[in-house]
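Asker: Shown below is the structure under consideration.
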Amino acid sequence: MNRSLERQISATGSKRIFLNLRWWVLILFLTGVTVNYITRNSLAILAPELKTSLGITTEHYSWIVGAFQLAYTLFQPICGWLIDVIGLKIGFMICATIWALTCLLHAGAGSWLQLAILRFIMGGAEAAATPANAKVLGEWFPKKERPIAAGWAGVGFSIGAMLAPPIIYFAHASFGWQGAFLFTGFLAISWVGLWALFYHNPATHPNLGAQELALIQQDNEPPAVKQSFFRALKSVAKNKRFYGIAIPAFMAEPAWGVLSFWVPLYLANELGMDLKQIAMFAWLPFLAADLGSVASGYLTRLYTRLFGCTQVNSVVASSITGAFLMLSLALVAVTKDPYVAIALISVGGFGHQIISCMLSALVVEKFDKGEMATVNGMRGSFAWISSFLFSLLIGITADKIGFNPLFIAMGFFDLIGALFLIAFIAERRATRA
Numbered sequence: 262m263n264r265s266l267e268r269q270i271s272a273t274g275s276k277r278i279f280l281n282l283r284w285w286v287l288i289l290f291l292t293g294v295t296v297n298y299i300t301r302n303s304l305a306i307l308a309p310e311l312k313t314s315l316g317i318t319t320e321h322y323s324w325i326v327g328a329f330q331l332a333y334t335l336f337q338p339i340c341g342w343l344i345d346v347i348g349l350k351i352g353f354m355i356c357a358t359i360w361a362l363t364c365l366l367h368a369g370a371g372s373w374l375q376l377a378i379l380r381f382i383m384g385g386a387e388a389a390a391t392p393a394n395a396k397v398l399g400e401w402f403p404k405k406e407r408p409i410a411a412g413w414a415g416v417g418f419s420i421g422a423m424l425a426p427p428i429i430y431f432a433h434a435s436f437g438w439q440g441a442f443l444f445t446g447f448l449a450i451s452w453v454g455l456w457a458l459f460y461h462n463p464a465t466h467p468n469l470g471a472q473e474l475a476l477i478q479q480d481n482e483p484p485a486v487k488q489s490f491f492r493a494l495k496s497v498a499k500n501k502r503f504y505g506i507a508i509p510a511f512m513a514e515p516a517w518g519v520l521s522f523w524v525p526l527y528l529a530n531e532l533g534m535d536l537k538q539i540a541m542f543a544w545l546p547f548l549a550a551d552l553g554s555v556a557s558g559y560l561t562r563l564y565t566r567l568f569g570c571t572q573v574n575s576v577v578a579s580s581i582t583g584a585f586l587m588l589s590l591a592l593v594a595v596t597k598d599p600y601v602a603i604a605l606i607s608v609g610g611f612g613h614q615i616i617s618c619m620l621s622a623l624v625v626e627k628f629d630k631g632e633m634a635t636v637n638g639m640r641g642s643f644a645w646i647s648s649f650l651f652s653l654l655i656g657i658t659a660d661k662i663g664f665n666p667l668f669i670a671m672g673f674f675d676l677i678g679a680l681f682l683i684a685f686i687a688e689r690r691a692t693r694a
């Protein structure tokens, strides 16, 4: 074993202690979310062929997308509560198994209605990713590291979408559209096995050292209190701070829904790109989103150091920065050049992930450990209600008026959400945290 590796792993009795294990746990979770997004975005990449092969109209496609989004909306609080009550390991593993098996079943779909039913089931299971994200941050990181960790965790939510176009394209070229669904489903099953083997909570993890456990627990946060589902919902709904996070999420999510489900169709229908060109360029907005995820946490440190912002205010300021970057989407409406359009959409992806990661960080900052997953699930429901409604609007109007008015609207939504962040979340005292 070389010296570098020896510094990372030390032996204590029969137990191997991994230094900085919390970051390895985050990578394990990030990998799962990456697979989540690959399975999720497979439909969008294959949409042009599915429309031809199964006789699906644009309106039918909007209902398929809407079925996923409706389930994702309804089940995020349920999945969050489940994870809070039975624990992150088992709760997330159950949901991941369901979404993996459902992805495999997509290969047997013969109509838009069958696809809609399968996407509804998948959406309900994949809804666990957002609340699980907050749970990982709350359980494995001290408060001072959570904005940075939230930024890195957000990478999983975009890197999967970034990897989906080339992976699905090559799987499709090798095995057809049915084989592409089977391939991504097997990826998900494989990750479930890794999660079952290697994830444990900090108190029971066999490879976590006492020094790192003390670091994780240094904030002396009260132990998690388990509540019934409806009591948990009522408790969160009465908290004004929740709406300061949920309303900005409501305003932000239509843009991410368009990136995830509609951009490939927009590039094909409006800008004349074929599947190969889409696979070559449609991943770029998600690469930009990855960079936005990573940058978001470090941006909070910049605001703290340059302007003396508190921890919460630095997170709010970072989110507002992302909102201004979203104005790039409005400019998509004034270009006919597909490469300029992709560049502008990429700036929007960068800005969106700053907002999304910082909203997750605020959930962890403002709520107790016992309700973090439930709160993030409810935040996700607010977000996906708007994404669901916006997708239905696209399905009804896109063939009639095109995508340009919708891009203009998305460019300004997040500035409205920023007002609620300032009103309900920003701290009025300028004392350093």
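Residue 262 is where the sequence shown starts when you use our numbering, and the numbers rise one by one after that.
The beta carbon of each residue, even a glycine, is placed where N, CA and C say it ideally should be.
1) How many Å lie between leucine 469 and lysine 597 at the Cα?
2) Short of 6 Å in beta carbon distance, which residues of its chain neighbour threonine 565, apart from the five on each side in sequence? Order them along the chain.
3) Give me the Cα-Cα distance between glycine 621 and alanine 395, rounded to the nearest whole angstrom.
4) Please report the straight-line C-alpha distance between tryptophan 401 and leucine 532, rounded to a whole angstrom.
5) Report the rounded CA-to-CA distance for aspartate 551 versus isoleucine 299, giving the unit in angstroms.
6) Taking all protein chains shown into account, decide if threonine 313 is buried (16 or more other Cβ within 10 angstroms of its Cβ) or exposed.
7) What do you get for aspartate 675, buried or exposed, if any count of 16 or more other CB atoms within 10 angstroms of its CB means buried?
8) On the criterion of 16 or more Cβ atoms from any shown chain inside 10 Å, does leucine 458 qualify as buried, or is it exposed?
9) As an exercise, report each continuous alpha helix (DSSP H) stretch of at least 4 residues that is fully enclosed by the segment 661–693, in chain order.
10) Measure how close the beta-carbons of alanine 414 and cysteine 340 come, nearest whole angstrom, since I'm counting them as under 8 Å.
11) Looking at C-alpha atoms only, which residue of Pro525, Gly446, Gly437 is the closest neighbour of leucine 542?
12) Consult DSSP for isoleucine 278 and reduce its assignment to one of helix, strand or coil.
13) For threonine 292 and leucine 588, I'd like the C-alpha separation in whole angstroms.
14) Is it the case that the segment 637–649 contacts the segment 512–519, given that we only count it when at least three CB pairs across the two stretches are under 8 Å?
15) Just to confirm my understanding: we take histidine 461, look at its own chain, exclude 5 residues before and 5 after, and list those with CB closer than 6 Å. What are they?
16) Under the three-state reduction of DSSP, which class applies to isoleucine 317: helix, strand or coil?
Answerer: The relevant details are as follows:
1) Taking the first residue of the sequence shown as 1, we reach residue 469 at position 208. Taking the first residue of the sequence shown as 1, we reach residue 597 at position 336. Roughly 54 Å between the two C-alpha positions.
2) Translated into positions along the sequence shown, residue 565 becomes position 304. Taken in chain order, the residues that qualify are Ser575.
3) Counting from one through the sequence shown, the residue named residue 621 turns up at place 360. Counting from one through the sequence shown, the residue named residue 395 turns up at place 134. The residue asked about is misnamed: residue 621 is serine in this sequence, not glycine. Their Cα atoms are separated by approximately 6 Å.
4) Numbered from 1 along the sequence shown, position 140 holds the residue referred to as residue 401. Numbered from 1 along the sequence shown, position 271 holds the residue referred to as residue 532. Cα to Cα, tryptophan 401 sits roughly 45 Å from leucine 532.
5) For the purposes of this step, residue 551 is identified with residue 290 of the sequence shown, where counting begins at 1. For the purposes of this step, residue 299 is identified with residue 38 of the sequence shown, where counting begins at 1. The alpha-carbon atoms of aspartate 551 and isoleucine 299 are separated by roughly 14 Å.
6) Taking the first residue of the sequence shown as position 1, residue 313 is located at position 52. When all chains shown are included, threonine 313 counts as exposed.
7) Looking up residue 675 in the sequence shown gives position 414. Buried, since its Cβ has 16 or more Cβ neighbours within 10 Å.
8) For this step, residue 458 is matched to residue 197 along the sequence shown. Around the beta carbon of leucine 458, fewer than 16 other beta carbons lie within 10 angstroms, which makes this residue exposed.
9) Fully enclosed alpha helix (DSSP H) runs of 4 or longer: 665–685.
10) Start at 1 with the first residue of the sequence shown, and residue 414 comes out as number 153. Start at 1 with the first residue of the sequence shown, and residue 340 comes out as number 79. Alanine 414 to cysteine 340, Cβ: 17 Å. No contact.
11) Stepping through the sequence shown from its first residue, residue 542 is reached at position 281. As written in the sequence, residue 542 is phenylalanine, which differs from the leucine given in the question. Of the candidates Pro525, Gly446, Gly437, the one whose C-alpha sits nearest the C-alpha of phenylalanine 542 is Pro525.
12) Taking the sequence shown and counting its residues from 1, one reaches residue 278 at position 17. Here isoleucine 278 sits in strand by DSSP.
13) Here residue 292 corresponds to residue number 31 of the sequence shown, with the count starting at 1. Here residue 588 corresponds to residue number 327 of the sequence shown, with the count starting at 1. For threonine 292 and leucine 588, the distance between alpha carbons rounds to 31 Å.
14) The answer is yes - the segment 637–649 touches the segment 512–519, with three or more Cβ pairs under 8 Å.
15) Position 200 of the sequence shown holds residue 461. When the five nearest sequence neighbours on each side are left out, no beta carbon in the same chain lies closer than 6 Å to the beta carbon of histidine 461.
16) Sequence index remark: in the sequence shown, residue 317 carries index 56 (1-based). Isoleucine 317: coil per DSSP, three-state reduction.
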